[in-house]
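J.:
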Amino acid sequence: MKIVAVGGGKGGTGKTAIAVSIAKMFAIKRKILLVDLDVDNPCTYTLLSSKPEIIKEIYAFKPKILEDKCKLCGKCVEYCPVHALVLIPSKKILFIKTLCESCGNCMIVCPEGAIKEDKAVIGWIKEDKMDNLHLIVGEAKPGERKTDEVMTETIEYVEKIAENYELLIFDVPPGTGRGIYDAFKLADLVVTVTEPTMLGFHDLKKLYSLIRSMNKKSIAIINKYGLKGGVQDEQEEFLRNNRVQYEKIPYDEYMVKAYVSGETVVEAYPDSPSARSIKKIVKNLEKIMFRSA
Amino acid sequence: MNTEIVVASGKGGTGKTFISSNFSYFLNKKGFNVLAVDADVEAPDLILALGDVKEILYEENFEGQVIDIDYSKCLRCGACVETCRFNALSMSDEGPVVDYNFCEGFGTCALVCPVQAIYLKPAKRGRIFAAISNTGIPVVTGDLDIGEKNSGLLVYRIRELAKEYSFKFNARLIVIDAAPGIGCPVISSLVGARLLVIVVEPTPQSLKGAMRLKELADKLNIQSLAVINKYNLNPSFTRTIVDALNVEILGKIGYDDKVVESYTLMKPILETYPESKISSNLETIFKRILERLSL
Amino acid sequence: MVTSMGWSGRGYGRGRGGMWGYQAPMPQIPPPPSGSIRIVAPVDFSNGLNSPISMRTGRAPYIAVVDVSGGKIVNVNIVQNAAAMAPRGAGVQLGQWILNIGASIVIAVSLGPNIDMVLRQVGVRVELVPPGTILGDALAKLGFVK
Chain A
-1 MKIVAVGGGK GGTGKTAIAV SIAKMFAIKR KILLVDLDVD NPCTYTLLSS
49 KPEIIKEIYA FKPKILEDKC KLCGKCVEYC PVHALVLIPS KKILFIKTLC
99 ESCGNCMIVC PEGAIKEDKA VIGWIKEDKM DNLHLIVGEA KPGERKTDEV
149 MTETIEYVEK IAENYELLIF DVPPGTGRGI YDAFKLADLV VTVTEPTMLG
199 FHDLKKLYSL IRSMNKKSIA IINKYGLKGG VQDEQEEFLR NNRVQYEKIP
249 YDEYMVKAYV SGETVVEAYP DSPSARSIKK IVKNLEKIMF RSA
Chain B
1088 MNTEIVVASG KGGTGKTFIS SNFSYFLNKK GFNVLAVDAD VEAPDLILAL
1138 GDVKEILYEE NFEGQVIDID YSKCLRCGAC VETCRFNALS MSDEGPVVDY
1188 NFCEGFGTCA LVCPVQAIYL KPAKRGRIFA AISNTGIPVV TGDLDIGEKN
1238 SGLLVYRIRE LAKEYSFKFN ARLIVIDAAP GIGCPVISSL VGARLLVIVV
1288 EPTPQSLKGA MRLKELADKL NIQSLAVINK YNLNPSFTRT IVDALNVEIL
1338 GKIGYDDKVV ESYTLMKPIL ETYPESKISS NLETIFKRIL ERLSL
Chain C
243 MVTSMGWSGR GYGRGRGGMW GYQAPMPQIP PPPSGSIRIV APVDFSNGLN
293 SPISMRTGRA PYIAVVDVSG GKIVNVNIVQ NAAAMAPRGA GVQLGQWILN
343 IGASIVIAVS LGPNIDMVLR QVGVRVELVP PGTILGDALA KLGFVK
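Protein chains in written order, with the working numbering: chain A, -1 to 291; chain B, 1088 to 1382; chain C, 243 to 388.
1. Which residues, in order along the region 1347 to 1359 of chain B, keep a beta-carbon less than 7 Å from a beta-carbon of chain A?
2. Identify the continuous alpha helix (DSSP H) that holds V1314(B) and give its terminal residues.
3. According to the Cβ coordinates, are A266(C) and P284(C) closer than 7 Å?
4. Does the region 121 to 140 of chain A touch the region 65 to 76 of chain A, meaning 3 or more C-beta pairs lie closer than 8 Å?
5. Looking at the unbroken alpha helix (DSSP H) that takes in F24(A), where does it start and where does it end?
6. Would you mind working out which of G313(C), I376(C), R330(C) and V366(C) sits nearest I347(C), comparing C-alpha positions?
7. Go ahead and pull the three-state DSSP assignment for M253(A).
8. In terms of residue numbering, what span does the beta strand (DSSP E) encompassing M128(A) cover?
9. Return yes when at least one heavy atom of the ligand FMN lies under 6 Å from the C-beta of K1208(B), else no.
10. So with Cβ pairs under 7 Å, would you call G337(C) a contact of chain B?
11. Taking any Cβ of chain C, which residues in the region 61 to 86 of chain A have a Cβ under 9 Å from it, in chain order?
12. Whole angstroms are fine: how far does the CA of K215(A) sit from the CA of G1270(B)?
13. Looking at the unbroken beta strand (DSSP E) that takes in D34(A), where does it start and where does it end?
14. For I271(C), which residues does DSSP report across the bridge?
15. Quick one: what's got a C-beta closer than 6 Å to G1296(B)'s C-beta in the same chain, skipping five residues either side?
16. Report yes if the CB atom of R1244(B) is closer than 7 Å to the CB atom of I1263(B), and no otherwise.
17. Could you please tell me which residues of the region 1138 to 1165 of chain B, in chain order, have their CB closer than 8 Å to any CB of chain C?
18. Please state whether the Cβ-Cβ distance between L336(C) and G313(C) is less than 7 Å.
19. Could you tell me whether the region 235 to 252 of chain A touches the region 191 to 211 of chain A, using the rule of 3 or more Cβ pairs below 8 Å?
20. Put I1224(B) into one of helix, strand or coil per three-state DSSP.
21. Return the residue from the list T1325(B), S1159(B), S1276(B) and K1211(B) that minimises the CA-CA distance to A1304(B).
22. Do you know whose CA, among K29(A), L83(A) and G5(A), lies nearest E161(A)'s CA?
23. How do the region 1104 to 1111 of chain B and the region 1193 to 1203 of chain B stand: do at least 3 beta-carbon pairs fall below 8 Å, yes or no?
24. Since L31(A) meets chain C, which of its residues come closer than 9 Å, beta carbon to beta carbon?
25. Round the Cβ separation of I123(A) and Y155(A) to the nearest angstrom and send it over; I've been treating them as touching at under 8 Å.
26. Alpha carbons only, please: which of K1116(B), L1320(B), T1104(B) and E1142(B) is nearest the one belonging to A1126(B)?
27. I'd like to know whether the C-beta atoms of G263(C) and L1207(B) end up nearer to each other than 7 Å.
28. In the DSSP assignment, find the beta strand (DSSP E) that holds M196(A) and state where it starts and stops.
29. Along chain B, in chain order, which residues have C-beta atoms closer than 7 Å to that of C108(A)?
30. Leaving out the 5 sequence neighbours to the left and right, which residues in its chain are closer than 7 Å to Y206(A) when beta-carbon positions are compared?
31. Hey, could you find the ends of the alpha helix (DSSP H) A1304(B) is sitting in?
32. Can we say the region 215 to 225 of chain A touches the region 188 to 196 of chain A, given the rule of at least three CB pairs closer than 8 Å?
33. Would you say R1172(B) lies against chain A (beta-carbon separation less than 7 Å)?
34. Counting only Cβ-Cβ distances shorter than 8 Å, please list the residues of the region 351 to 377 of chain C near chain A, keeping chain order.
35. Mind pulling the chain A residues with CB within less than 8 Å of V334(C)?
36. Taking 7 Å as the threshold (beta carbon to beta carbon), is Q1310(B) in contact with chain A?
Right, dumping it as structure tokens:
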């Protein structure tokens, strides 16, 4: 069983469309698990016309104040680094759930043992099975700040079922936080998707700092290659200097059309230059992952 | 007294920076001294959309805190490793090792260390800076180190720096490109602003985010207006938005190659394609904003 | 910042002197003199009763604390707002301090969601005023001062 993580710096580079395209193409012959880790705004399923259902809830530690034991000493308030606890004089301790970072300080410092470990739902794991292609989606509760936790739990769940599949593909959101690190850590190969804009380049460099520090094998895809005024030359030089193999997907009108109609370009316009590049990339990935033609 | 206009979206990728950069450019061309602020520090592209940095005027580090271990006291008992809920500590032959990619500096480990070998210390999390962009518009923004996240405090520091520079540049108008979503950094972007411009795209998530933004603005007594971006992606849902969102819609902008091109060239579309339909729609929208502000 | 058995009008709200870590604590000030009511307002700079009430509350640069008795001002104290530098929960930190110092009224331009919730817990009266209002004028207009 092989694992690929598809990551990209900024949003909008086309990473998800590419991850879904890769998944669909591999699923023609192999059992594939596609994992959507964009927990703030998962959208793999929209490109798959899928309606995943909740199979598990994800929790984070939250303190529970036992009012009969609490002596209103205020130690928990003092040691909460994010001010999620307030001492209402002579009345009670107020807990502000939305600020809580689940660090556990309050539980440790309470001299009366009046704080117990409780939990709150911070997200869900959803699933849909479509023939050879199975989809797992990690989704955070709207406004939830502990998105890394939601990602990490989704990854842990997926690890347990991974051996049933030939290939696991993580669709990793932009950023460089904890959840992304955990996905990359497991991956045999990291596929980075970028676009030839300055922000895309800025994020690509940041991402490669992380990838290098983790010593991960990777290939890069420059999507929307050929954008007028784009910095693809600088990006190619950067990738060459870092000895990263890269592929290009040309910017064509078909990609835009497919995006507007909510489909992947390989389905909507299979003979377009962009679709053909994606197919070539999948063939290459097949070689890298499975050492076959 | 300066006027702050916040451009926010409740969901990322809708085109906030596109609107705020072109709005800043428009105001500048109209003769207003404007200062642009990028509160979306995880994706600091406002200055890129305004032609990239011409000259950096000021720079300072933004700090948070992390833990460190006094190994001379450490018993290698492992209590800290077990306690950390962020997996930032692991045990090695030399003792506990801190992974600074994950240490949040909450100090839970310090609380359980039996010999008080763990202490808190300041750490750089990013930087904030003021610069002149190549379009001539001053921009205040920041940049985060790997693994770091935006926060209410960082946005606050950026806005403080912006106020300082607004005096230096005699800028009466400040355009703030807010962070995406509706969390702390967005609240920090909004508090005290004069006007909120919500950028919404025709998807259900974007509409939901826009409605929650409006709720937030109402609570803070800030006037809201909306712009529908990329409306051609789903014209029928665009109509749904007009009905569902209880905010005055200033206008609609289509998704088009020219937008992507301008963005790549790092120039506002008002500069690259001033005669285009998109540019004329933008100008109509921006003129309306000025009317609502009585300017 | 907080140690003894909640607020009961005695003591200065003694604390360990610091928030956990590197954050500066809110300043300590004596409780309101007996017979007076304590009014708090976030202000943009320190100029006594001529201070302008800030558009921000949780992260306002200064906080004005005014003790009033029988329509007359007994005390005016303007302190730096340490909560402005809180990485998160600035409004909560300020709200906690407002409760600790025994204020019963807050005059502000707007309140963020967190500080609003905290103040509601003890029924602190909140008076909202238009931006730019000067502290002294607000006190007079609201009838706290004759």
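Glycine included, each C-beta is placed from N, C-alpha and C at the ideal position.
T.: Based on what the coordinates show:
1. Hits within the stretch, in order: V1347, E1348, Y1350, T1351, L1352 and M1353.
2. Segment Q1310 to N1316 is the beta strand (DSSP E) holding V1314(B); no alpha helix (DSSP H) there.
3. Not in contact: A266(C) and P284(C) (Cβ atoms no closer than 7 Å).
4. Counting C-beta pairs with one atom in each stretch, the region 65 to 76 of chain A and the region 121 to 140 of chain A have fewer than three that are closer than 8 Å, which means they do not touch.
5. Here the alpha helix (DSSP H) through F24(A) covers K13 to F24.
6. Looking at G313(C), I376(C), R330(C) and V366(C), the one whose alpha-carbon comes closest to that of I347(C) is V366(C).
7. In the three-state reduction of the DSSP assignment, M253(A) falls in the helix class.
8. Per DSSP, M128(A) is one residue of the beta strand (DSSP E) stretching across I113 to M128.
9. The ligand FMN is not part of the structure shown, which contains no ligands of any sort.
10. With 7 Å as the cut-off, G337(C) does not count as an interface residue toward chain B.
11. Contact annotation: in the region 61 to 86 of chain A, residues whose CB is within less than 9 Å of a CB in chain C are K69, L70, C71, G72, K73, V75, E76, Y77, C78, P79, V80, H81, A82, L83, V84, L85 and I86.
12. Their backbone Cα atoms lie some 35 Å apart in a straight line.
13. Looking at the DSSP string, the run of the beta strand (DSSP E) that includes D34(A) is I30 to D34.
14. Bridge partners of I271(C) according to DSSP: none are assigned.
15. Once the five neighbours on either side are set aside, the close Cβ partners of G1296(B) are G1097 and K1098.
16. No, the pair does not count as a contact, with Cβ atoms beyond the cut-off.
17. Look at the region 1138 to 1165 of chain B: the residues with a C-beta under 8 Å from a C-beta of chain C are G1151 and Q1152.
18. No.
19. A contact exists between the region 235 to 252 of chain A and the region 191 to 211 of chain A.
20. Assigned with DSSP and collapsed to three states, I1224(B) falls in coil, not helix or strand.
21. Selected option, being the one with the closest Cα: S1276(B).
22. Looking at the Cα atoms, K29(A) is the closest of the given residues.
23. The region 1104 to 1111 of chain B, when compared against the region 1193 to 1203 of chain B, does not touch it at the 8 Å Cβ threshold.
24. In chain order: nothing, as chain C lies at least about 36 Å away.
25. Sure, about 5 Å apart at Cβ, within 8 Å.
26. For A1126(B), the nearest C-alpha among the options comes from T1104(B).
27. Contact flag set, yes.
28. Not the beta strand (DSSP E): M196(A) falls in the alpha helix (DSSP H), residues M196 to M212.
29. Ordered by position in chain B, no residue passes the 7 Å Cβ test against C108(A), which lies about 11 Å from the chain.
30. These residues qualify, in order along the chain: N240.
31. Under the DSSP assignment, A1304(B) falls in the alpha helix (DSSP H) whose first and last residues are P1291 to K1306.
32. Yes: the two stretches touch, three or more of their Cβ pairs being nearer than 8 Å.
33. Among the CB atoms of chain A, one or more fall inside 7 Å of the CB of R1172(B).
34. For the region 351 to 377 of chain C, residues whose beta-carbon sits nearer than 8 Å to a beta-carbon of chain A comprise N356, M359, V360, Q363 and V364.
35. Below the 8 Å Cβ cutoff, chain A contributes H81, A82, V84, I94 and L97 as neighbours of V334(C), in chain order.
36. Chain A, which has no Cβ nearer than 7 Å to the Cβ of Q1310(B), makes this no.
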